[in-house]
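Trainee: Once you've had a glance at the structure underneath, I'll fire off some questions.
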Amino acid sequence: MTDVVVVESPAKAKTINKYLGDNFIVLASFGHVRDLPPKDGSVRPDENFAMDWQTDERGARQMATIAKAVKSASTLYLATDPDREGEAISWHVRAALEEKNLLRGKTVQRVTFNEITKSAVQTAMANPRALDQPLIDAYMARRALDYLVGFTLSPVLWRKLPGSRSAGRVQSVALRLICEREAEIEVFRSREYWSVAGAFATGADAAFSARLTHLEGRKLEQFDLDTEEKAHAARDLVAATRFSVRSVERRKARRNPSAPFTTSTLQQEASRKIGMSAQTTMRTAQQLYEGVDLGGETVGLITYMRTDGVTMAAEAIGAIRGMISESYGAAYLPDKPRAYSSKAKNAQEAHEAIRPTDVTRTPEAMARHLSGEQLRLYDLIWKRAVASQMQSAELDQVVVDISEPSNRTVLRANGSIIAFDGFLRLYSEGRDDSKADDDESRMLPAMKEGEALHGKGAEATQHFTQPPPRYSEASLVKRMEEIGIGRPSTYASILGVLRERNYVRLDSRRFIPEDRGRLVTAFLTSFFERYVDTDFTATLEEQLDDISDGRADWHDVMAAFWRDFSNAVAQTKDLKISDVIDALDEDLGSHFFPAREDGGDPRQCTACGTGRLGLRLGKFGAFIGCSNYPSCQFTRRLVAEDGAEGETLKEGMKTLGQDPATGEEVTVRRGPYGLYIQRGEADPENKKIKPKRTTIPKGLEGDKLTLDQALGLLSLPRKLGPHPETGEMIEAGLGRFGPYVKMGAIFGTLDADDDVLTVGLNRAVDSLAKKLASIRNLGAHPKDKEAVMVRKGRFGPYVQHGQMIANLPKGQEMDEVTLEEAVSLLNEKGKPLKSKGKTTRKTTAKAASKTSASTGDETGPSEKAGAAAKRKAPAKKAAGKTSAKTTTKASAKTTGKTAAIATGKKTAAKKDTGEAPAKRTPRKTSASSRDASAEPESESGS
Numbered sequence: 001m002t003d004v005v006v007v008e009s010p011a012k013a014k015t016i017n018k019y020l021g022d023n024f025i026v027l028a029s030f031g032h033v034r035d036l037p038p039k040d041g042s043v044r045p046d047e048n049f050a051m052d053w054q055t056d057e058r059g060a061r062q063m064a065t066i067a068k069a070v071k072s073a074s075t076l077y078l079a080t081d082p083d084r085e086g087e088a089i090s091w092h093v094r095a096a097l098e099e100k101n102l103l104r105g106k107t108v109q110r111v112t113f114n115e116i117t118k119s120a121v122q123t124a125m126a127n128p129r130a131l132d133q134p135l136i137d138a139y140m141a142r143r144a145l146d147y148l149v150g151f152t153l154s155p156v157l158w159r160k161l162p163g164s165r166s167a168g169r170v171q172s173v174a175l176r177l178i179c180e181r182e183a184e185i186e187v188f189r190s191r192e193y194w195s196v197a198g199a200f201a202t203g204a205d206a207a208f209s210a211r212l213t214h215l216e217g218r219k220l221e222q223f224d225l226d227t228e229e230k231a232h233a234a235r236d237l238v239a240a241t242r243f244s245v246r247s248v249e250r251r252k253a254r255r256n257p258s259a260p261f262t263t264s265t266l267q268q269e270a271s272r273k274i275g276m277s278a279q280t281t282m283r284t285a286q287q288l289y290e291g292v293d294l295g296g297e298t299v300g301l302i303t304y305m306r307t308d309g310v311t312m313a314a315e316a317i318g319a320i321r322g323m324i325s326e327s328y329g330a331a332y333l334p335d336k337p338r339a340y341s342s343k344a345k346n347a348q349e350a351h352e353a354i355r356p357t358d359v360t361r362t363p364e365a366m367a368r369h370l371s372g373e374q375l376r377l378y379d380l381i382w383k384r385a386v387a388s389q390m391q392s393a394e395l396d397q398v399v400v401d402i403s404e405p406s407n408r409t410v411l412r413a414n415g416s417i418i419a420f421d422g423f424l425r426l427y428s429e430g431r432d433d434s435k436a437d438d439d440e441s442r443m444l445p446a447m448k449e450g451e452a453l454h455g456k457g458a459e460a461t462q463h464f465t466q467p468p469p470r471y472s473e474a475s476l477v478k479r480m481e482e483i484g485i486g487r488p489s490t491y492a493s494i495l496g497v498l499r500e501r502n503y504v505r506l507d508s509r510r511f512i513p514e515d516r517g518r519l520v521t522a523f524l525t526s527f528f529e530r531y532v533d534t535d536f537t538a539t540l541e542e543q544l545d546d547i548s549d550g551r552a553d554w555h556d557v558m559a560a561f562w563r564d565f566s567n568a569v570a571q572t573k574d575l576k577i578s579d580v581i582d583a584l585d586e587d588l589g590s591h592f593f594p595a596r597e598d599g600g601d602p603r604q605c606t607a608c609g610t611g612r613l614g615l616r617l618g619k620f621g622a623f624i625g626c627s628n629y630p631s632c633q634f635t636r637r638l639v640a641e642d643g644a645e646g647e648t649l650k651e652g653m654k655t656l657g658q659d660p661a662t663g664e665e666v667t668v669r670r671g672p673y674g675l676y677i678q679r680g681e682a683d684p685e686n687k688k689i690k691p692k693r694t695t696i697p698k699g700l701e702g703d704k705l706t707l708d709q710a711l712g713l714l715s716l717p718r719k720l721g722p723h724p725e726t727g728e729m730i731e732a733g734l735g736r737f738g739p740y741v742k743m744g745a746i747f748g749t750l751d752a753d754d755d756v757l758t759v760g761l762n763r764a765v766d767s768l769a770k771k772l773a774s775i776r777n778l779g780a781h782p783k784d785k786e787a788v789m790v791r792k793g794r795f796g797p798y799v800q801h802g803q804m805i806a807n808l809p810k811g812q813e814m815d816e817v818t819l820e821e822a823v824s825l826l827n828e829k830g831k832p833l834k835s836k837g838k839t840t841r842k843t844t845a846k847a848a849s850k851t852s853a854s855t856g857d858e859t860g861p862s863e864k865a866g867a868a869a870k871r872k873a874p875a876k877k878a879a880g881k882t883s884a885k886t887t888t889k890a891s892a893k894t895t896g897k898t899a900a901i902a903t904g905k906k907t908a909a910k911k912d913t914g915e916a917p918a919k920r921t922p923r924k925t926s927a928s929s930r931d932a933s934a935e936p937e938s939e940s941g942s
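So the sequence shown is numbered by the UniProt record's numbering: it starts at 1 and just counts up by one.
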């Protein structure tokens, strides 16, 4: 009888199966096998926070495999990852098997290992334990919190702030940090200041420089020299004065190595040193942890990568110290091992730091087994872990003060040299701003007190204060860890969600909030300030830690939170849209309407000149509009819609000017399929006469479009010139699928970088050449003189005349067919080209007709078909029949929809008005991902 071991990933299962042998069956759960259904009511506060769990199709498939194996096993080992989330996955597996009564008389054990090596796995299997209930309770509380916040707060956003997407317990706080930093940058006013430096030389002609620190007996503060006149006066004084050495101070400094990586410090350093995003870092670390193929054996190269701990196992420290002594010498080895403790708020140090599983596997030795990303990250982890146990670096620092005889003017020179490199020989920590300290590498000449110096001139340098820097991924993760919000394992997913929602964007690896993100933050801080407060969120994290340590009951924590939170949400029930607009307009007014250089009113409408601009809310989201609407239809975009890059007008239209040739007004407008350009207006008396319209190609933004560009697009297609070989005219135009070039009936596509308004003849010929290689013009058809073409097709060459086609006989090449043969083939075997749209409509109507007849519907299939299908659905809810139930619902939905299409009636579904429906079901993401689950937000993690 074989025992069953359940792990999370198939890669891990394969490796561990090799370590354990034939007496064990190792199966993968593929992450979570159950999750909360993404709908209202999955967490019920009124029933002591009872939860409903569902198994999706993939989870059901994995559980069926596990259940089959458990039937013939005596012991079930739950060996999922050694963190809170891993404990929860094990609990879900056990609970799902218990529901099927498959664990009666069987032993269930929990095993954890911090590294996937043979010795670690075998040691863990020999020391099993029971499931950790406090960890499971902490998972339940965190999951319930994220669900209730997301599914309660997000609908409020949808109703009161159209265009917003979701809110989350930690996600919204992280967004607030980014928005507040941007607000600090916007209100920052730069100040001018100057510094003065003198150039000197010793008696041995050794040159150096020193900066002015005291002037006229007073220490200089940063803004004391705030004008060019003051700076030049100080410069001239330094240049005209004779100086000597007043004091020389020498001291030794030590720099200690940093601790080995935790999850957050790994994400920060990977961002700073190798430009790797948090998500890529965690994905690559997972691969290194689960193992790579080393000569036919899969071996994990690093320890578990979701950890707050900075300690390493005694055996690992011993191995690292032995390697340091052997490779670098005894001088680089401290007398005793270094010990570290975490300084992060709410740190949980249950696991080791991230380190190599075997320090003898150097990055150089592993290079041929790893991808580029894997090697860069492994090199970082290996060096950081080894350096953490190396000797400190020693620096010789020198500070020299020089002055004139009265000591009223003083300059200072700093310098230092590395006396002993220590751990710096292997590793130096990255810097967020990539600026090195010049004093660390500058050497000063030998000097002694009282020594006269030779002045070599002086210079004054202008400076301006700089605003606080925008957050990078590294600095934002560091800030979140400092204030104790979220958990390291969730940082990557949180930052990913902010970008996916278009709340922020990354520019030069710095976070910049989009207007949508600023609107959401302003709304939440105005009406739910407590729940986006960093202190409140950090306190909640501490309560979750208390639960995981067994010091608090998760039901009590949830009850206290829900009481206040539900009351806060209830208070917004009668909140008017006008109240929201007023609050947001006041909060973000300085951002949307910055001060004008000419001192004019920043809110004055630029279109009509008399109206006042203000924030408005439409069904598609927020926009800037004029108070003189509808007489003035000026609008300004705030939020870009998903998948519509460059679409910038949210409502109304924008006037570009008049066409010089016709005098008609040229405007940019929004239609049901996006932005378009229109010249003139429709004739109210003759609706058949339509104004000239054209779409805006991708890459051009509606609010930045010029009149010349618009006129060029309206004039398409434009002639480029004759083909150099055939003499046929080539045109460039804009079609349904983007820009193209055309020669007769032959079309060539243009790349995204090509501008249809400026593309030249040579580029067009090159594009057409690719098509001409697969098309041959045989000549004009004798009946209508329309061209007869032979083309390469998916199933072989064929001839075409208009909408008629015929395949060439098997074996006949394109170059062999003549015009006469082609005409004969078309007459004998020609068939019309299929119209996909017509075929689809015909088939759909036929299917709907059959469905209607089968249900005996006499009053109209659009009203009855769905109900008929519903009556066929089984009323009894049985476990394990999710698939059948889903199929029945899908069938009913399809039947009703198909019938509605057949009859031409409108379906019962409402159009999207921007207002949230009573129940809005967010999409569900794969449960196999540790950083993703049901929307609006999941922040479960270790």
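Glycine included, every Cβ here is placed at the ideal spot set by N, Cα and C.
Which term fits Glu269, buried or exposed, when burial requires 16 or more other beta carbons within 10 angstroms of its beta carbon?
Mentor: The residue given as residue 269 occupies position 269 in the sequence shown. Glu269 comes out buried.
Trainee: Anyone know if the C-beta pair for Thr534 and Arg169 falls short of 9 Å?
Mentor: Here residue 534 refers to the residue found at position 534 when the sequence shown is read from its first residue. Here residue 169 refers to the residue found at position 169 when the sequence shown is read from its first residue. Not a contact, by the Cβ cut-off of 9 Å.
Trainee: Given a threshold of 16 other Cβ atoms within 10 Å of its Cβ, counted over all protein chains shown, does Gln267 qualify as buried or as exposed?
Mentor: For the purposes of this step, residue 267 is taken as the residue at position 267 of the sequence shown. Buried, since its Cβ has 16 or more Cβ neighbours within 10 Å.
Trainee: Rounded to the nearest angstrom, how far is the Cβ of Gln62 from that of Ser29, given a contact under 8 Å?
Mentor: Residue mapping note: residue 62 aligns to position 62 of the sequence shown, counting from 1. Residue mapping note: residue 29 aligns to position 29 of the sequence shown, counting from 1. Yes, they are in contact, since the Cβ atoms of Gln62 and Ser29 sit about 6 Å apart, within 8 Å.
Trainee: Give the DSSP-derived three-state secondary structure of Thr626 in the structure shown.
Mentor: By one-based count along the sequence shown, residue 626 stands at place 626. Strictly speaking, residue 626 in this sequence is Cys, with Thr absent from that position. Three-state result, Cys626: strand.
Trainee: Quick one: what's Ala141 bridged to in DSSP?
Mentor: For the purposes of this step, residue 141 is taken as the residue at position 141 of the sequence shown. Answer is none; Ala141 lacks a bridge partner.
Trainee: Under the rule that 16 or more other beta-carbon atoms within 10 Å means buried, what is Thr263, buried or exposed?
Mentor: Translated into positions along the sequence shown, residue 263 becomes position 263. That one is buried.
Trainee: Let's test the definition: count the other Cβ atoms within 10 Å of the Cβ of Asp22 and tell me whether it reaches 16, buried, or not, exposed.
Mentor: As a working note, residue 22 is residue 22 in the sequence shown. Burial call: exposed.
Trainee: To the nearest whole angstrom, what separates the beta carbons of Leu544 and Arg142, a pair I think is in contact under 8 Å?
Mentor: Mapped onto the sequence shown, residue 544 falls at position 544. Mapped onto the sequence shown, residue 142 falls at position 142. Right, the Cβ-Cβ distance comes to about 6 Å (below 8 Å), so this counts as a contact.
Trainee: Quick check on the burial criterion: 16 or more other C-beta atoms within 10 angstroms. Buried or exposed for Glu8?
Mentor: Locating residue 8 in the sequence shown gives position 8, counting from the first residue. Looking at its Cβ environment, which holds 16 or more other Cβ atoms inside 10 Å, Glu8 is buried.
Trainee: Please go through the same chain and pick out, in chain order, the residues whose beta-carbon is closer than 8 Å to the beta-carbon of Gln374, but skip the five residues on each side of it.
Mentor: The sequence position of residue 374 within the sequence shown is 374, counting from 1. Result list for Gln374: Thr284, Gln287, Leu288 and Val292, in chain order.
Trainee: Does DSSP classify Trp53 as helix, strand or coil?
Mentor: On the sequence shown, residue 53 is found 53 positions in, with the first residue counted as 1. Three-state DSSP puts Trp53 in coil, outside helix and strand.
Trainee: Tell me the residue span of the beta strand (DSSP E) that contains His454.
Mentor: Locating residue 454 in the sequence shown gives position 454, where the first residue counts as 1. His454 -> beta strand (DSSP E) spans His454 to Phe464.
Trainee: Per DSSP, what are the beta-bridge partners of Lys46 in this structure?
Mentor: Locating residue 46 in the sequence shown gives position 46, counting from the first residue. First, the amino acid is wrong: residue 46 is Asp here, not Lys. In the DSSP output, where bridge partners are listed per residue, Asp46 has none listed.
Trainee: So, at 6 Å on beta carbons, what are the nonlocal neighbours of Arg129 in its own chain, with the 5 sequence-adjacent residues on each side left out?
Mentor: Residue 129 sits at position 129 when you count from the first residue of the sequence shown. Here the set comprises Arg110.
Trainee: What is the DSSP secondary structure of Ile805, counted as helix, strand or coil?
Mentor: Within the sequence shown, numbered from 1, the residue matching residue 805 stands at position 805. Reduced to three states, the DSSP call for Ile805 is strand.
Trainee: Kindly list the residues whose CB is nearer than 6 Å to the CB of residue 945, restricted to its own chain and excluding five residues on each side of it in sequence; keep chain order.
Mentor: Any question about residue 945 goes unanswered here, given that the chain covers just 1 to 942.
Trainee: In angstroms, rounded to a whole number, what distance separates the CA positions of Val666 and Ser767?
Mentor: Within the sequence shown, numbered from 1, the residue matching residue 666 stands at position 666. Within the sequence shown, numbered from 1, the residue matching residue 767 stands at position 767. Going from the Cα of Val666 to the Cα of Ser767 covers about 32 Å.
Trainee: Report buried or exposed for Asn114, applying the criterion of at least 16 other Cβ atoms within 10 angstroms of its Cβ.
Mentor: Within the sequence shown, the letter at position 114 stands for residue 114. Asn114 should be labelled buried.
Trainee: When you compare only the Cα positions, how much space is there between Arg509 and Met276?
Mentor: For the purposes of this step, residue 509 is taken as residue 509 along the sequence shown, with counting starting at 1. For the purposes of this step, residue 276 is taken as residue 276 along the sequence shown, with counting starting at 1. Their Cα atoms are separated by approximately 10 Å.
Trainee: What separation, rounded to the nearest whole angstrom, lies between the Cα atoms of Ser341 and Asn256?
Mentor: Here residue 341 corresponds to residue number 341 of the sequence shown, with the count starting at 1. Here residue 256 corresponds to residue number 256 of the sequence shown, with the count starting at 1. Approximately 14 Å, taken between the alpha carbons.
Trainee: Identify every residue that forms a DSSP beta bridge with Lys654.
Mentor: Translated into positions along the sequence shown, residue 654 becomes position 654. Note: Lys654 sits in a beta bridge opposite Val668.
Trainee: Go through its chain and collect everything with a Cβ distance to Pro691's Cβ below 7 Å, but skip five positions before and after it.
Mentor: Counted from its first residue, the sequence shown places residue 691 at position 691. Cβ within range, chain order: Gln678, Arg679, Gly680, Glu681 and Ala682.
Trainee: Would you identify the three-state DSSP class for Lys838, choosing helix, strand or coil?
Mentor: Locating residue 838 in the sequence shown gives position 838, where the first residue counts as 1. Note that Lys838 has pLDDT 43, beneath the 50 cutoff, so the model's placement of it is unreliable and no number is given.
Trainee: Going by Cα to Cα distance, which pick from Arg408, Glu451, Ala385 and Asp46 is closest to Tyr427?
Mentor: Working through the sequence shown from its first residue, we reach residue 427 at position 427. Checking every option, the nearest Cα to that of Tyr427 belongs to Ala385.
Trainee: Where do the ends of the beta strand (DSSP E) carrying His781 lie?
Mentor: Indexing the sequence shown from 1 puts residue 781 at position 781. No beta strand (DSSP E) contains His781, which DSSP labels as neither H nor E.
Trainee: Roughly how many whole angstroms lie between the Cα atoms of Ala73 and Asn17?
Mentor: Numbered from 1 along the sequence shown, position 73 holds the residue referred to as residue 73. Numbered from 1 along the sequence shown, position 17 holds the residue referred to as residue 17. The alpha-carbon atoms of Ala73 and Asn17 are separated by roughly 16 Å.
Trainee: Below 7 Å CB to CB, which residues in the same chain sit around Glu659 once its five sequence neighbours on both sides are set aside?
Mentor: For the purposes of this step, residue 659 is taken as the residue at position 659 of the sequence shown. As written in the sequence, residue 659 is Asp, which differs from the Glu given in the question. The beta carbon of Asp659 sits closer than 7 Å to those of Val666, Arg679 and Leu711, all from its chain and outside the five residues before and after it, given in chain order.
Trainee: Provide the residue(s) that pair with Gln604 in DSSP beta bridges, ordered along the chain.
Mentor: The sequence position of residue 604 within the sequence shown is 604, counting from 1. Arg612.
Trainee: Buried or exposed: residue 951, going by 16 or more other Cβ atoms within 10 Å of its Cβ?
Mentor: There is no way to answer for residue 951, as the model of the chain reaches only from 1 to 942.
Trainee: Can you confirm whether the stretch 197-204 touches the stretch 414-421 when touching is taken to mean that 3 or more C-beta pairs between the two stretches lie within less than 8 Å?
Mentor: no
Trainee: Along the chain, where does the alpha helix (DSSP H) containing Tyr289 start, and where does it finish?
Mentor: In the sequence shown, counting from the first residue as 1, residue 289 sits at position 289. Per DSSP, the unbroken alpha helix (DSSP H) holding Tyr289 starts and ends at Ala278 to Glu290.
Trainee: Thinking C-alpha only, which one of Ala64, Tyr77 and Ala231 is nearest residue 1001?
Mentor: Here the chain covers residues 1 to 942 and nothing more, so residue 1001 does not appear.
Trainee: From Asp35 to Ile730, what does the alpha carbon distance come to, in whole angstroms?
Mentor: For the purposes of this step, residue 35 is taken as the residue at position 35 of the sequence shown. For the purposes of this step, residue 730 is taken as the residue at position 730 of the sequence shown. Straight-line Cα distance between these residues: approximately 59 Å.
Trainee: Leaving out five residues on either side along the sequence, give the residues of the same chain with a beta carbon under 6 Å from the beta carbon of Val5.
Mentor: Residue mapping note: residue 5 aligns to position 5 of the sequence shown, counting from 1. Within the same chain, Val5 has close Cβ partners Phe24, Val26, Tyr77 and Ala79.
Trainee: Terminal residues of the continuous alpha helix (DSSP H) containing Lys12?
Mentor: Translated into positions along the sequence shown, residue 12 becomes position 12. Per DSSP, Lys12 belongs to the alpha helix (DSSP H) from Pro10 to Leu20.
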